[in-house]
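Here's the structure we're looking at; comments come further down.
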Amino acid sequence: MSRTIGIEFEANTINTTRAKSALTDAGIRVRGMPWTSHENRNYNAGQWTVTTDGSLSGGSSETVSPPLNDADFVHVRTVCNALRANGGTNNGTSTGTHVHVDANDFGVREFKRICILWTAAEKMIGLLVAPSRRTAYYTKPNFTGKSIAEVTADLAIANDRRAVQEVAMHGCRYKAMNLYAFGAHGTIEFRIHQGTLNATKILSFARLVRAIVDTAKSDRALPTAKFTTVQSMVNFFMLNRADMAASPVCDGVVVRRPRAGTKVAGMWDLFDGFVAQGMSRDSIYYAMTEV
Numbered sequence: 002m003s004r005t006i007g008i009e010f011e012a013n014t015i016n017t018t019r020a021k022s023a024l025t026d027a028g029i030r031v032r033g034m035p036w037t038s039h040e041n042r043n044y045n046a047g048q049w050t051v052t053t054d055g056s057l058s059g060g061s062s063e064t065v066s067p068p069l070n071d072a073d074f075v076h077v078r079t080v081c082n083a084l085r086a087n088g089g090t091n092n093g094t095s096t097g098t099h100v101h102v103d104a105n106d107f108g109v110r111e112f113k114r115i116c117i118l119w120t121a122a123e124k125m126i127g128l129l130v131a132p133s134r135r136t137a138y139y140t141k142p143n144f145t146g147k148s149i150a151e152v153t154a155d156l157a158i159a160n161d162r163r164a165v166q167e168v169a170m171h172g173c174r175y176k177a178m179n180l181y182a183f184g185a186h187g188t189i190e191f192r193i194h195q196g197t198l199n200a201t202k203i204l205s206f207a208r209l210v211r212a213i214v215d216t217a218k219s220d221r222a223l224p225t226a227k228f229t230t231v232q233s234m235v236n237f238f239m240l241n242r243a244d245m246a247a248s249p250v251c252d253g254v255v256v257r258r259p260r261a262g263t264k265v266a267g268m269w270d271l272f273d274g275f276v277a278q279g280m281s282r283d284s285i286y287y288a289m290t291e292v
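Under the working numbering, the first residue of the sequence shown is numbered 2, with each subsequent residue one higher.
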């Protein structure tokens, strides 16, 4: 059974009152909740929550999902469509999309493994998101400038979960991968994605980071060097995974191919190669839009 995920959608130009009304009208079970602190939000209430966030200006809102199984992903599309239809946008660089992946089965071994995996993948994942997210205050890199060998050496002297967390977190939860979320929610939080109300992009990113968590739990050999291309990174984590093969294709979105010879057209050629290898277009669509 696939791990559950939780998603935080930050949006500007739609306040909490309008967001809650929009979701209620769309048939989503939702409650309003004042923002107090990250740790006090209840991700296990079985319903969606509309709240505010300390990083957002007035007139903005954050929508938080309950834990979602794959069968619940249709509700992500409903939520995104409802927020957009009622004025929700992601103007500027202030909003983010945070994905929590269930990690209740993690011990020290798995936390060490995910640190190695994130060291290998962090730069390439940064190329899949908006440039502003790679060094933003709320999404600082975890392992910039460190090799896998250096991180491995740091982890070798970390004897418990908290010590392992500090190798990645350095006392600050505003990292691209937030291991502190485990203490509050039993999850690993991936904060690096820019704000978006594109459900296909959100779900594709969620599947990618869930694959990283799954790999940390597995007995699969870890990479010994950082990934140097997006293709090698995506292939390692995602290629021919059953949950990707079953995903819908672009959710009926009409996509215009960019002009031949441009840099963006070259990216499309790369992604077409992914599709030819058996990946669903849905799994890579988010990297082609809103970048």
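Glycine included, C-beta positions come from ideal geometry on N, C-alpha and C.
CB-CB length for residue i against residue j, believed under 8 Å
i           : j           : result
residue 1   : residue 237 : The structure shown does not extend to residue 1, since the chain spans only 2 to 292, so no value can be given for it.
residue 50  : residue 65  : 4 Å
residue 82  : residue 12  : Rounded, the Cβ-Cβ distance is 13 Å, inconsistent with contact.
residue 149 : residue 227 : 7 Å
residue 143 : residue 121 : The pair is not a contact, with the Cβ atoms about 12 Å apart (cut-off 8 Å).
residue 21  : residue 7   : Contact flag wrong, Cβ pair sits at about 18 Å.
residue 54  : residue 109 : Actually they do not touch by this definition, with Cβ atoms about 31 Å apart.
Paired residues, beta bridge with residue i - DSSP
i           : result
residue 239 : Answer is none; residue 239 lacks a bridge partner.
residue 10  : 64, 98
residue 190 : 101, 179
residue 51  : 33, 64
residue 69  : 6
residue 195 : 97
residue 90  : 13
Proximity to residue i [Cα-Cα], best of the options
i           : options            : result
residue 67  : 157, 126, 29       : 29
residue 89  : 14, 207, 33, 187   : 14
residue 71  : 205, 127, 224      : 205
residue 126 : 20, 3, 4, 231      : 231
residue 141 : 21, 93, 170, 32    : 170
residue 154 : 225, 26, 139       : 225
residue 95  : 136, 85, 73        : 136
residue 184 : 233, 114, 107      : 107
residue 3   : 73, 31, 54         : 73
residue 215 : 134, 77, 111, 234  : 111
residue 211 : 235, 229, 222      : 235
residue 138 : 163, 128, 146, 174 : 174
residue 134 : 172, 147, 93       : 93
7 Å Cβ cutoff met for residue i and residue j
i           : j           : result
residue 196 : residue 52  : no
residue 75  : residue 188 : no
residue 16  : residue 60  : yes
residue 1   : residue 199 : Residue numbering for the chain in the displayed model covers 2 to 292; residue 1 lies beyond these limits and cannot be assessed.
residue 9   : residue 63  : yes
residue 217 : residue 118 : yes
residue 193 : residue 130 : yes
residue 100 : residue 182 : no
residue 23  : residue 87  : yes
residue 152 : residue 159 : no
residue 116 : residue 168 : yes
residue 156 : residue 113 : yes
Segment limits, beta strand (DSSP E) that includes residue i
i           : result
residue 158 : Counting along the chain, residue 158 falls outside any beta strand (DSSP E), and DSSP gives it neither H nor E.
For residue i, the first and last residue of its enclosing alpha helix (DSSP H)
i           : result
residue 141 : No alpha helix (DSSP H) holds residue 141; DSSP gives it neither H nor E.
residue 82  : 74-86
residue 213 : 200-218
residue 114 : 109-127
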